[in-house]
Every structure is written in structure tokens, then in C-alpha cells.
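Each number in our numbering comes from the position in the sequence shown (counting from 1) with 9 added on.
Below is one structure, written out as C-alpha cells, with a few remarks after it.
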Amino acid sequence: MDTVQDTIVYYSSYYNDNGGVEYGYSQVSHWFLIHGFSFLQFKFLVVFFVLALMGYCVQRYIQNLSLFVLLWLPFPFLIDFIQFKNFIMFSLVLYSSIYVTRNGILPKSYGMFILYLATLFHSGAWIFLLSFPYLFLRYQKLSS
Numbered sequence: 010m011d012t013v014q015d016t017i018v019y020y021s022s023y024y025n026d027n028g029g030v031e032y033g034y035s036q037v038s039h040w041f042l043i044h045g046f047s048f049l050q051f052k053f054l055v056v057f058f059v060l061a062l063m064g065y066c067v068q069r070y071i072q073n074l075s076l077f078v079l080l081w082l083p084f085p086f087l088i089d090f091i092q093f094k095n096f097i098m099f100s101l102v103l104y105s106s107i108y109v110t111r112n113g114i115l116p117k118s119y120g121m122f123i124l125y126l127a128t129l130f131h132s133g134a135w136i137f138l139l140s141f142p143y144l145f146l147r148y149q150k151l152s153s
């Protein structure tokens, strides 16, 4: 397991639950642990879900998925993820953008909720959560 420092930290936090990890990530990893999944199984299943979510989101914006598949599919098979939590957070931010850009209070509220969930996986999502409302309010003014 001693590939790079990130892997050691994630492995340690998975089995020891030693805190210092964002709440959402901690809860999801703990659920996998108590249900008998190894760290590698947890990582594989989360990566599968995140890539599927990203593929769905990218498909909403572009029709040709070939470049997405070419660039992102090999990503999980590299030695280690750089910022595994960031990878999860980014997929949630991308997913939320589908709803935040729609008209209506319900889709926008759902998108903001998903964006809030992203903050539970990586604190960098707070930048998106704080900036999205401003950007879309400004967009509304321009389009009116």
C-alpha cells in the first residue's frame, strides 16, 4: 500500500477512522467498511459511480463522449488518485451544474443542495457553492 502519501492517508483513514477527513467522505467510507468492503473494493466502486456520474453530466453538455472516455477512463487505473476526494467533489459539482443552470426554483434548489453535498467531500467545493449563485444571478440580469 506504500505508493504515495495520499494512498497511505486514505487507507489509514478507511480502516482507523482517525478523523481529519471531510464528513461526507468519512460517512461513505465508513458505510463501506462496516458492510465488509476492503479499501480497494470501496475505491473501485466509488470510482465506478463517480465516472458514471461524470459521463452522464458530460453527455448533457456534449454529444461525442469519445474524448471524455479517452481521458477519464484510464484515470482510476493509475497508481494513485491525486486528491481522491477532489475527484468525488468535482463530479458532484458537475452534476449540480445541470440543475443550477435550469429555470425554476426547484431545479436550482436541488442543484444547490447537490453542491452543498460536494462540500462534504472536499472543502474546495465551498468556492463553487459561494460563487454559483452570484454567477447565475448575474446571468439572469444579462438575459433579461
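A virtual CB, placed ideally from N, CA and C, is assigned to each residue, including glycine.
State the DSSP-derived secondary structure class of residue i, mapped to helix, strand or coil.
i: Ile71; result: coil
i: Gln92; result: coil
i: His39; result: helix
i: Leu129; result: coil
i: Gly64; result: helix
i: Thr110; result: coil
i: Gly45; result: coil
i: Val78; result: helix
i: Val55; result: helix
i: Val102; result: helix
Can you tell me whether residue i is buried or exposed? The criterion is at least 16 other CB atoms within 10 Å of its CB, across all chains shown.
i: Ile43; result: exposed
i: Ser140; result: exposed
i: Val55; result: buried
i: Ile136; result: exposed
i: Ile97; result: buried
i: Tyr34; result: buried
i: Tyr23; result: buried
i: Val78; result: exposed
i: Leu76; result: exposed
i: Phe93; result: buried
i: Tyr19; result: buried
i: Ala61; result: exposed
i: Gly120; result: buried
Any contact between the stretch 122 to 136 and the stretch 100 to 108? By contact I mean 3 or more CB pairs, one from each, below 8 Å. yes
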